[in-house]
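Enquirer: Before anything else, here's the structure in question.
In the numbering used here, the protein residues as written are 193 to 438.
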């Protein structure tokens, strides 16, 4: 996400911090940062990198965005926004996949520039509360970007009027499937995945954390092999040194 100074000052006024707007505007104007290392000086950055006030200003910039991602539909569908520093998660909850996707698309329509390659979409399936559908195309559960609670479900069906070939078709839209993508206003298409990582935790469709365990075991195995490579009994590092590395 790129931070807009104009948007930050606007948000501060909305949050009742108008008295701090002139000082903040001065702090962000005509200033730059360069990183100096031994034998190296970086190019100029038009941002206040390393300033203690920067994290606070970013939270003020981000707050209306997170609040704006929480929407409520007249049909009971809703979205909720959650923020941790610059990581934003939006959950959508309703009776159908399609309605959740519509709510997510509405929640994403806010004035902030996200990094598209960091978007992740996952549709969760709670197998403990529903029966497996005979036709996945006509089954409804829940859609979410990151997390979601227990879900309800419904089925789409047709009812034949006795003694005729007339069918009563429900007026509600098709619920869709767990492969429905989300389309943003900029034309970006976010395709659903079978797992998504949020704040270091891998979430899978059934929320059984099999993916998380697999990823952690793989990471631990790689670290263990690296330690073994420098800890031979006759030529490797001492036990004290290995404890420091660990």
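Positions of the beta carbon are idealized from the N, C-alpha and C atoms, including for glycine.
Pair every Cβ in the segment 388 to 395 with every Cβ in the segment 268 to 281, then say whether three or more of these pairs are closer than 8 Å.
Expert: The segment 388 to 395, when compared against the segment 268 to 281, does touch it at the 8 Å Cβ threshold.
Enquirer: Let me know the secondary structure DSSP gives residue 273 once reduced to three states.
Expert: Three-state DSSP puts residue 273 in a strand.
Enquirer: Using a threshold of 8 Å, state whether the C-beta atoms of residue 227 and residue 221 are closer than that.
Expert: Contact flag unset, no.
Enquirer: Along the chain, which unbroken stretches of the beta strand (DSSP E) at least 3 residues long are found entirely within the segment 230 to 294?
Expert: Counting only runs of 3 or more, we get 270 to 276 and 279 to 285.
Enquirer: So what does DSSP say about residue 384, is it helix, strand or coil?
Expert: Residue 384 falls in the strand class under three-state DSSP.
Enquirer: Candidates 280, 383 and 270: which alpha carbon is nearest residue 288's?
Expert: Cα-wise, what sits closest to residue 288 is 270.
Enquirer: With a threshold of 16 other CB atoms inside 10 Å of the CB of residue 417, please say whether the residue is buried or exposed.
Expert: Residue 417 should be labelled exposed.
Enquirer: Taking the alpha-carbon positions, what's the residue 216 to residue 406 distance?
Expert: So the two alpha carbons sit approximately 46 Å from each other.
Enquirer: For residue 220, name the three-state secondary structure that DSSP assigns.
Expert: Correct three-state label for residue 220: helix.
Enquirer: In angstroms, rounded to a whole number, what distance separates the CA positions of residue 412 and residue 394?
Expert: Their backbone Cα atoms lie some 15 Å apart in a straight line.
Enquirer: Under the three-state reduction of DSSP, which class applies to residue 198: helix, strand or coil?
Expert: Three-state result, residue 198: helix.
Enquirer: Taking DSSP as the reference, what is the three-state secondary structure of residue 402?
Expert: Correct three-state label for residue 402: helix.
Enquirer: Is residue 225 helix, strand or coil by DSSP?
Expert: Residue 225 falls in the strand class under three-state DSSP.
Enquirer: Given this structure, state the Cα-to-Cα distance separating residue 355 from residue 267, to the nearest angstrom.
Expert: Below a pLDDT of 50, predicted positions are generally treated as unreliable, and residue 355, at 49, falls in that range; the measurement from the model is reported next regardless. Going by the C-alpha atoms only, they are around 35 Å apart.
Enquirer: Per DSSP, what kind of secondary structure is residue 336 in: helix, strand or coil?
Expert: Reliability of the predicted coordinates at residue 336 is poor, the pLDDT of 43 falling under 50, and the value obtained from them is presented with this limitation in mind. Three-state result, residue 336: strand.
Enquirer: From the DSSP output, which residues share a beta bridge with residue 393?
Expert: DSSP output for residue 393 lists 390 as bridge partner(s).
Enquirer: Tell me which residue opens and which closes the alpha helix (DSSP H) that residue 369 is part of.
Expert: Looking at the DSSP string, residue 369 is not in any alpha helix (DSSP H), and its letter there is neither H nor E.
Enquirer: For residue 396, does the count of other Cβ atoms within 10 angstroms reach 16, so buried, or fall short, so exposed?
Expert: It counts as buried.
Enquirer: Could you compute how far the alpha carbon of residue 423 sits from the alpha carbon of residue 410?
Expert: Spanning the two alpha carbons is a distance of roughly 20 Å.
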